[in-house]
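*Asks:*
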Amino acid sequence: MKHKVKYLQFYIGNVCNLACPNCASYNNFAFKNQFSWHNNKLAAEQWSTILDPYEIGIIGGEPFTNPDLDNWVKGLLELFQPIDFRITTNGTYLRRDIDKVLEYTKLGVNIEISSHSDKHYLEHNNFISQHYPYPVQEDDCVTYTNGDKGFIEIRNATEFFNISLKNIDNGVFYMHDSNPITAHSSCPVSDCHYIVEGNLYQCVVTATGPLFAEQFNVDTKSKDLLSRVKSISPFDSQDKIDNFLNNIETPCEQCALCPEKIKIEKFELPNKKIKI
Numbered sequence: 013m014k015h016k017v018k019y020l021q022f023y024i025g026n027v028c029n030l031a032c033p034n035c036a037s038y039n040n041f042a043f044k045n046q047f048s049w050h051n052n053k054l055a056a057e058q059w060s061t062i063l064d065p066y067e068i069g070i071i072g073g074e075p076f077t078n079p080d081l082d083n084w085v086k087g088l089l090e091l092f093q094p095i096d097f098r099i100t101t102n103g104t105y106l107r108r109d110i111d112k113v114l115e116y117t118k119l120g121v122n123i124e125i126s127s128h129s130d131k132h133y134l135e136h137n138n139f140i141s142q143h144y145p146y147p148v149q150e151d152d153c154v155t156y157t158n159g160d161k162g163f164i165e166i167r168n169a170t171e172f173f174n175i176s177l178k179n180i181d182n183g184v185f186y187m188h189d190s191n192p193i194t195a196h197s198s199c200p201v202s203d204c205h206y207i208v209e210g211n212l213y214q215c216v217v218t219a220t221g222p223l224f225a226e227q228f229n230v231d232t233k234s235k236d237l238l239s240r241v242k243s244i245s246p247f248d249s250q251d252k253i254d255n256f257l258n259n260i261e262t263p264c265e266q267c268a269l270c271p272e273k274i275k276i277e278k279f280e281l282p283n284k285k286i287k288i
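Oh and the sequence shown: position 246 is 258 in our numbering, straight run, nothing missing.
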């Protein structure tokens, strides 16, 4: 029997063209590397025999910066039949890639646009309404359809919650030193699990934190915690896979890297990435 999971994210690259403060996956810095479908296909095939996700997301970074996005989308569509299949994007490549977006929604892919400035939010709605003429407004979210199986969802995402990165001092990145149980209990994304280069991780920090520590100067204590992150391969033993998945929503020692109290704050989108 397959393991049911609510949210399964395939993280396909660290690269993003924006620099949103408090980005959960550290893509506001000059984070490098894109991941190809070719190198991940066998693992994805194996995961499709193990996991039964309610929702599959393709996420980054910015997915539309990955030159292999087409293969990721069509490859995962062949393997999984989730209730909701979506690409999470900042929407800044909509005009360049509108033909690709139109193709994806015909295939049943939902495009989730997080507009990270009020200006982007207006621009995205004005542009998408030309191609998807049936909008439904709900608070700060508009869903557009055009008769395809998939839809376009545009959110005003000018607020972020505080994440693992606490501060930067003399070029060193410092993360939190929290009570892991308290931090886990306040985490808004503890049920959102990531696959990076074939391995499954509990959350965005355990998935991307070790990659970040390879490229940036992270404080010694946090780097040590990140070096002990646990993940599983789909080719591991059944007992190891079952044990990991049965405990995937429980606190781990890396929860200490995140804040004990979540704060939601509006931000102004910087023009350039911070250089460290």
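We put the CB at the ideal spot given by N, CA and C, even for glycine.
(1) With a Cβ-Cβ cutoff of 9 Å, do Phe47 and Tyr23 count as a contact?
(2) Within 10 angstroms of its Cβ, does Gln142 collect 16 or more other Cβ (buried), or is it exposed?
(3) Roughly how far, in whole angstroms, is the beta-carbon of Asp189 from the beta-carbon of Ala268, given that I think they are within contact range, below 8 Å?
(4) Can you tell which of Asp151, Ile95, Asp82 and Val230 has its C-alpha closest to the C-alpha of His50?
(5) List the whole-angstrom C-beta distance separating Lys10 from Glu171, where the pair is believed to meet the contact cut-off of C-beta under 8 Å.
(6) Under three-state DSSP, which class holds Tyr38?
(7) Is it the case that the CB of Ser176 approaches a heavy atom of the ligand SAH more closely than 8 Å?
(8) Can you name, in chain order, every residue of its own chain whose Cβ lies under 6 Å from the Cβ of Gly25, other than the five neighbours on each side?
(9) In the segment 204–282, which residue ranges form an unbroken alpha helix (DSSP H) of at least 4 residues, counting only runs that do not cross its ends?
(10) State the Cα-Cα distance for the pair Pro33 and Tyr146, rounded to the nearest angstrom.
(11) Count the other C-beta atoms from every protein chain shown that fall within 10 angstroms of the C-beta of Arg167, then say buried if there are 16 or more, exposed otherwise.
(12) Is it right to say Gln93 is buried, meaning 16 or more other beta carbons lie within 10 angstroms of its own, or is it exposed?
(13) Based on Cα-Cα distance, which residue from Ser60, Val217, Glu135 and Phe256 lies nearest to Leu238?
(14) Considering only their Cβ atoms, is the gap separating Lys112 from Lys161 smaller than 9 Å?
(15) Using three-state DSSP, classify Ser127 as helix, strand or coil.
(16) Find out if the Cβ-Cβ distance for the pair Thr101, Ser126 is shorter than 9 Å.
(17) Nearest by alpha-carbon distance to Ile123: which of Phe185, Glu165 and Phe224 is it?
(18) How many angstroms separate the CA atom of Cys215 from the CA atom of Ile110?
(19) Give me the residue from Glu57, Pro246, Ala219 and Ser176 with the minimum Cα distance to Ser198.
(20) Could you tell me whether the Cβ atoms of Trp84 and Leu212 are closer together than 9 Å?
(21) So which of Ile193, Gln266 and Asp130 has the shortest CA-CA distance to Asp236?
(22) Return the CA-CA distance between Gly183 and Asp152, expressed in angstroms with no decimal places.
(23) Using only alpha-carbon positions, find the residue among Cys35, Ile68, Phe228 and Ile244 that is nearest to Phe185.
*Replies:* The short version:
(1) yes
(2) exposed
(3) 6 Å
(4) Asp82
(5) The displayed coordinates of the chain run from 13 to 288. Any statement about residue 10 would go beyond what the structure contains.
(6) coil
(7) Because no ligand of any kind appears in the structure shown, any question about the ligand SAH cannot be addressed here.
(8) Gln46, Phe47, Gly72, Gly73 and Asn78
(9) 216–227, 232–239 and 250–258
(10) 33 Å
(11) buried
(12) exposed
(13) Val217
(14) no
(15) strand
(16) yes
(17) Glu165
(18) 31 Å
(19) Ser176
(20) no
(21) Gln266
(22) 37 Å
(23) Phe228
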